[in-house]
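K.L.:
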Amino acid sequence: MAPPAPLLAVRGSDGTVLLRGPPNCENNADFQRDPRQSRYVAFSRDGTLFAWCNGEKVTVVKVADGSQVRSFDLPKTAMLEFSPLNSVLATWQVYTGTQGDANLQLWDLQTGTCLKALYQKKVQGWCPSWSDDEKIAVRSVNNELHFFENNDFNTIANKLHLQKVSEFVLSPGSQPSKVAVYVPGSKGAPSFVRLYQYPNFGGPTCALANKSFFKADRVTMLWNKKATAVLVQASVEVDKTGASYYGEQTLHYLATNGETSAVQLQKNGPIYDVAWSPSSTEFCVVYGFMPAKATVYNLKCDPVFDFGTGPRNAVYYSPQGHILVLAGFGNLRGQMEVWDVKKWKQVSKPQAPDSTHFAWCPDGEHVVTSTCAPRLRVSNGYKIWHYTGTVLYKQDTPTGTELWETVWQPFPDGTFPEKPVKYQAAPSELGSTEAKPAQAYRPPALRNKPVTASSKLHEEEPPQNMRPGATGDKQLSKTALKNQKKREAKKAAKQEMNPDALEPQSDPSPASSAQPEPSCGDPETDKKIKNVKKVKKYGHCLIVSSSYQLVAEVPVVSCLCFFQIDLTVFFQIQYTSLGKRVLLHNVIDLFIFTAMKWIYHKHTVDN
Numbered sequence: 001m002a003p004p005a006p007l008l009a010v011r012g013s014d015g016t017v018l019l020r021g022p023p024n025c026e027n028n029a030d031f032q033r034d035p036r037q038s039r040y041v042a043f044s045r046d047g048t049l050f051a052w053c054n055g056e057k058v059t060v061v062k063v064a065d066g067s068q069v070r071s072f073d074l075p076k077t078a079m080l081e082f083s084p085l086n087s088v089l090a091t092w093q094v095y096t097g098t099q100g101d102a103n104l105q106l107w108d109l110q111t112g113t114c115l116k117a118l119y120q121k122k123v124q125g126w127c128p129s130w131s132d133d134e135k136i137a138v139r140s141v142n143n144e145l146h147f148f149e150n151n152d153f154n155t156i157a158n159k160l161h162l163q164k165v166s167e168f169v170l171s172p173g174s175q176p177s178k179v180a181v182y183v184p185g186s187k188g189a190p191s192f193v194r195l196y197q198y199p200n201f202g203g204p205t206c207a208l209a210n211k212s213f214f215k216a217d218r219v220t221m222l223w224n225k226k227a228t229a230v231l232v233q234a235s236v237e238v239d240k241t242g243a244s245y246y247g248e249q250t251l252h253y254l255a256t257n258g259e260t261s262a263v264q265l266q267k268n269g270p271i272y273d274v275a276w277s278p279s280s281t282e283f284c285v286v287y288g289f290m291p292a293k294a295t296v297y298n299l300k301c302d303p304v305f306d307f308g309t310g311p312r313n314a315v316y317y318s319p320q321g322h323i324l325v326l327a328g329f330g331n332l333r334g335q336m337e338v339w340d341v342k343k344w345k346q347v348s349k350p351q352a353p354d355s356t357h358f359a360w361c362p363d364g365e366h367v368v369t370s371t372c373a374p375r376l377r378v379s380n381g382y383k384i385w386h387y388t389g390t391v392l393y394k395q396d397t398p399t400g401t402e403l404w405e406t407v408w409q410p411f412p413d414g415t416f417p418e419k420p421v422k423y424q425a426a427p428s429e430l431g432s433t434e435a436k437p438a439q440a441y442r443p444p445a446l447r448n449k450p451v452t453a454s455s456k457l458h459e460e461e462p463p464q465n466m467r468p469g470a471t472g473d474k475q476l477s478k479t480a481l482k483n484q485k486k487r488e489a490k491k492a493a494k495q496e497m498n499p500d501a502l503e504p505q506s507d508p509s510p511a512s513s514a515q516p517e518p519s520c521g522d523p524e525t526d527k528k529i530k531n532v533k534k535v536k537k538y539g540h541c542l543i544v545s546s547s548y549q550l551v552a553e554v555p556v557v558s559c560l561c562f563f564q565i566d567l568t569v570f571f572q573i574q575y576t577s578l579g580k581r582v583l584l585h586n587v588i589d590l591f592i593f594t595a596m597k598w599i600y601h602k603h604t605v606d607n
């Protein structure tokens, strides 16, 4: 049986509609279009139910046939959320102090009754978090976490009270459930994130993992799919070093087995995006000043593959985890890089300018990019792509209307199996939008000449596989690497001091072709010159006075005869062959050169 075609919910100023995904890309006849403006739309986690609020009521329908399940008279509803098993529908509206009524309602979809009405002033974290089996639900109340069991919101089954819990994230999956909590620092104490397993909340010793750090005004915590590790992105609004206008970000790793680590990034700058692979064994980070780097790390926080640098600020894994997309949206031109994760090979490089939203289709073969208001109120519309860079469907909003949101219908894991990655562009009437390489301006005199490396518009680092053994090199320990660096440095220093030692000996020239030695007429001077030439060539020196007037250009060993002319003169010796500078302005320098002079005389006598 062929897998179903996912639906795409489109919400705009002209109403709400469900569109059938590729290959048809047409309106769903089972869903009757709602011409009224909707404030919010939501699919259930398994994709069987669809709900929206249009300013008059909240409606829940079945996606399969469009039949109505429930309808609630809640005209002011601004947010909707389904529980994992579709048992509860949570609705939220803006809190008003004069109203006095609870603004968060939990509705039983089977009976249509209100299970509980609660007060929730902040929109951040408004919805309770459920475990996948709905046996546990948790919400934050006055800096502590309240846990409920089996959707019984009238009884608090357990509490987790810390100093000031600012953020929490419940782990995905079923039992045993875990929760990551963040407590901001105060009075010089560091901030910290702890992992707990429900219901073991006996104290700090009961924590599965604990990570403390400074420089954290706010954090973003991200569980992997298997609930074995958490990535914590900490950020501060102001960078006290003045290196960035956008504050400072750090990335930390916590595992449920107690391992913690700070992820060492290879370039300074902000962290734009972090994403876990669906396999839960790797994660990708986009970071650094533009052009930004993108690197894949393993669970030991070691780099596995470096995508180099480029104009990107977002990363998206396909639902199956076999394809990775690096994109640059917002203030960038919308360039997308599609990569085969298994072969670390680039598939395509399309461009979607002015895009404000990107989402993978559950089938793992198509994506949607859209330009939505209020982020951008002109050129609103959306495109459905194949990952090879082909545009399969394009819809521009009519003049005078706005596009607000596009949402894919979700499906349970395993509905769409992983397919082999294709490198040939999929056929389409709309064609492809491969980004043309931008070239730097060249004056007319150079336009007919070959392009040199210095004429490139942007110097970007190429991708490289950083997995040990990927290039045939043997993985060395830290001690072995340290010793190897010492040997290389020693060898380089020896080569600098004796550059001719590694040169092969040339065959002696015939006696008939030898040129006579030049002579200055003085036998004593000729003897000294001959002795100097016997010494190994260490390069030439430029001896200048304090007024930077050239005194002489002589071999290095010969300069020992010059610096004694006047010890009050400030000398600067430049080793032209080695690129080094030595300032003779104290007794230590004089002692060193005196020793060199003794070595010189000893060498000449021996020879």
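According to UniProt numbering, the sequence shown holds residues 1 to 607 in order.
Don't be surprised by glycine CBs; every beta carbon is placed ideally from N, CA and C.
Here the structure is a predicted model, which is why all the values come from computation and not from measurement.
What are the partner residues of residue 357, as DSSP defines its beta bridges?
P.N.:
Position 357 of the sequence shown holds residue 357. Note: residue 357 sits in a beta bridge opposite 370.
K.L.:
Does the segment 73 to 90 come into contact with the segment 30 to 42, if we say contact requires no fewer than three beta-carbon pairs (one atom in each stretch) closer than 8 Å?
P.N.:
Result yes; three or more Cβ-Cβ pairs closer than 8 Å.
K.L.:
By DSSP's criteria, residue 52 is part of a beta bridge. Which residues make up the other side?
P.N.:
What you label residue 52 is simply residue 52 of the sequence shown in a count that begins at 1. The partner list for residue 52 (beta bridge, DSSP) reads 41 and 59.
K.L.:
At a cut of 8 Å, does the segment 212 to 225 reach the segment 189 to 204 through at least three beta carbon pairs?
P.N.:
Output reads yes: the segment 189 to 204 touches the segment 212 to 225.
K.L.:
Would you check if the distance between the CB atom of residue 275 and the CB atom of residue 246 is smaller than 8 Å?
P.N.:
Here residue 275 refers to the residue found at position 275 when the sequence shown is read from its first residue. Here residue 246 refers to the residue found at position 246 when the sequence shown is read from its first residue. No; because the gap between Cβ atoms is not below 8 Å, this pair is not in contact.
K.L.:
Extract the residue ranges of the beta strand (DSSP E) inside the segment 372 to 397, only unbroken runs of 3 or more that lie entirely within it.
P.N.:
With a minimum length of 3 residues, the continuous beta strand (DSSP E) runs that stay inside the segment 372 to 397 are 381 to 386 and 391 to 396.
K.L.:
Between which two residues does the beta strand (DSSP E) holding residue 156 run?
P.N.:
One-based indexing of the sequence shown puts residue 156 at position 156. Premise fails: residue 156 is in no beta strand (DSSP E) and is neither H nor E.
K.L.:
Name the residue from 75, 387, 334 and 349 whose alpha carbon lies nearest to the alpha carbon of residue 319.
P.N.:
Here residue 319 refers to the residue found at position 319 when the sequence shown is read from its first residue. Out of 75, 387, 334 and 349, 387 has the C-alpha closest to the C-alpha of residue 319.
K.L.:
Look up residue 258 in the DSSP assignment and give the residues it is bridged to.
P.N.:
Position 258 of the sequence shown, counted from the start, is the residue given in the question as residue 258. According to DSSP, which records beta bridges pairwise, residue 258 is partnered with nothing at all.
K.L.:
Please name the residue in 373, 265, 221 and 361 whose C-alpha comes closest to that of residue 413.
P.N.:
Within the sequence shown, the letter at position 413 stands for residue 413. Answer by Cα proximity: 361.
K.L.:
What residues are listed by DSSP as bridge partners for residue 88?
P.N.:
Numbered from 1 along the sequence shown, position 88 holds the residue referred to as residue 88. Bridge partners of residue 88: 108.
K.L.:
Pick from 83, 95 and 124: whose alpha carbon is nearest that of residue 107?
P.N.:
By one-based count along the sequence shown, residue 107 stands at place 107. Selected option, being the one with the closest Cα: 83.
K.L.:
For residue 25, list the residues DSSP reports as bridge partners.
P.N.:
As a first step, residue 25 is located in the sequence shown; it is residue number 25 there, counting from the start. DSSP output for residue 25 lists no bridge partner at all.
K.L.:
Any chance you could list the beta strand (DSSP E) runs of at least 3 consecutive residues sitting entirely within the segment 265 to 332, in chain order?
P.N.:
If we require 3 residues or more, the beta strand (DSSP E) runs fully inside the segment 265 to 332 come out as 271 to 276, 282 to 287, 292 to 298, 303 to 310, 314 to 317 and 323 to 327.
K.L.:
Leaving aside the five residues before and after residue 340 along the sequence, list all residues of the same chain whose C-beta is less than 6 Å from its C-beta, in chain order.
P.N.:
As a first step, residue 340 must be located in the sequence shown, where it is residue number 340. 347 and 421, listed in sequence order.
K.L.:
When the Cα of residue 136 is compared with those of 174, 114 and 122, which residue comes out closest?
P.N.:
Taking the sequence shown and counting its residues from 1, the one referred to as residue 136 is at position 136. Minimum Cα distance to residue 136 is reached at 174.
K.L.:
Name the residue from 364, 201 and 185 whose alpha carbon lies nearest to the alpha carbon of residue 178.
P.N.:
Position 178 of the sequence shown, counted from the start, is the residue given in the question as residue 178. Among 364, 201 and 185, the Cα nearest to that of residue 178 belongs to 201.
K.L.:
Give every residue of the same chain whose Cβ lies closer than 6 Å to the Cβ of residue 4, excluding the five residues on either side of it in the sequence, and list them in chain order.
P.N.:
Taking the sequence shown and counting its residues from 1, the one referred to as residue 4 is at position 4. There are no such residues.
K.L.:
Using three-state DSSP, classify residue 113 as helix, strand or coil.
P.N.:
Here the question's residue 113 lines up with position 113 in the sequence shown. Correct three-state label for residue 113: coil.
K.L.:
Quick one: is residue 251 buried, meaning 16 or more other Cβ sit within 10 Å of its Cβ, or exposed?
P.N.:
The residue you call residue 251 lines up with position 251 of the sequence shown. That one is buried.
K.L.:
Where does residue 444 sit, in a helix, a strand or coil, going by DSSP?
P.N.:
The count along the sequence shown starts at 1 and reaches residue 444 at position 444. Correct three-state label for residue 444: helix.
K.L.:
Residues in the same chain with beta-carbon distance under 6 Å from residue 411, minus the five sequence neighbours each way, listed in chain order, please.
P.N.:
Start at 1 with the first residue of the sequence shown, and residue 411 comes out as number 411. 47 and 362.
K.L.:
Buried or exposed for residue 483, going by 16 or more other Cβ atoms inside 10 Å?
P.N.:
Here residue 483 is taken as the residue at index 483 of the sequence shown, counted from 1. Classification for residue 483: exposed.
K.L.:
Quick one: what does DSSP say residue 170 is sitting in, helix, strand or coil?
P.N.:
Indexing the sequence shown from 1 puts residue 170 at position 170. Strand at residue 170.
K.L.:
Tell me which residues share the same chain as residue 116 and place their Cβ nearer than 8 Å to its Cβ, disregarding the 5 neighbours each side in the sequence.
P.N.:
Here residue 116 is taken as the residue at index 116 of the sequence shown, counted from 1. Cβ neighbours of residue 116 beyond the five flanking positions: 105, 106, 153 and 154.
K.L.:
So who's on the other strand from residue 72, going by DSSP bridges?
P.N.:
The residue you call residue 72 lines up with position 72 of the sequence shown. According to DSSP, which records beta bridges pairwise, residue 72 is partnered with 58.
K.L.:
Where does residue 487 sit, in a helix, a strand or coil, going by DSSP?
P.N.:
Here residue 487 corresponds to residue number 487 of the sequence shown, with the count starting at 1. DSSP places residue 487 in helix when its eight states are reduced to three.
K.L.:
What does the Cβ neighbour count give for residue 67, buried or exposed, with the cut at 16 atoms within 10 Å?
P.N.:
Residue mapping note: residue 67 aligns to position 67 of the sequence shown, counting from 1. Residue 67 comes out exposed.
K.L.:
Do you know offhand how far residue 297's Cα is from residue 176's?
P.N.:
Along the sequence shown, read from residue 1 onward, the residue named residue 297 stands at position 297. Along the sequence shown, read from residue 1 onward, the residue named residue 176 stands at position 176. Computed Cα separation, rounded: 27 Å.
K.L.:
Which residue comes first and which comes last in the beta strand (DSSP E) that contains residue 614?
P.N.:
Residue 614 lies beyond the residue range present for the chain, which begins at 1 and ends at 607; the question has no answer from this structure.
K.L.:
Work out the CA separation of residue 383 and residue 391 for me, nearest whole Å.
P.N.:
The count along the sequence shown starts at 1 and reaches residue 391 at position 391. The count along the sequence shown starts at 1 and reaches residue 383 at position 383. When rounded, the distance between both Cα atoms is 7 Å.
K.L.:
Going by other Cβ atoms of all chains shown within 10 Å of its Cβ, with 16 needed for buried, is residue 322 buried or exposed?
P.N.:
For this step, residue 322 is matched to residue 322 along the sequence shown. Residue 322 comes out buried.
K.L.:
Is residue 546 helix, strand or coil when you go by DSSP?
P.N.:
Within the sequence shown, numbered from 1, the residue matching residue 546 stands at position 546. Because the pLDDT at residue 546 is just 39, under 50, the model does not fix this residue reliably, and the value given afterwards should be weighed accordingly. Reduced to three states, the DSSP call for residue 546 is coil.
K.L.:
Look up residue 479 in the DSSP assignment and say whether it is helix, strand or coil.
P.N.:
Against the sequence shown, residue 479 aligns to sequence position 479. Three-state DSSP puts residue 479 in a helix.
K.L.:
Would you give the residue range spanned by the beta strand (DSSP E) that residue 218 belongs to?
P.N.:
The residue given as residue 218 occupies position 218 in the sequence shown. Note, residue 218: beta strand (DSSP E), 218 to 223.
K.L.:
What does DSSP give as the partner residues of residue 179 in its beta bridges?
P.N.:
Residue mapping note: residue 179 aligns to position 179 of the sequence shown, counting from 1. DSSP lists 170 and 196 as partners of residue 179.
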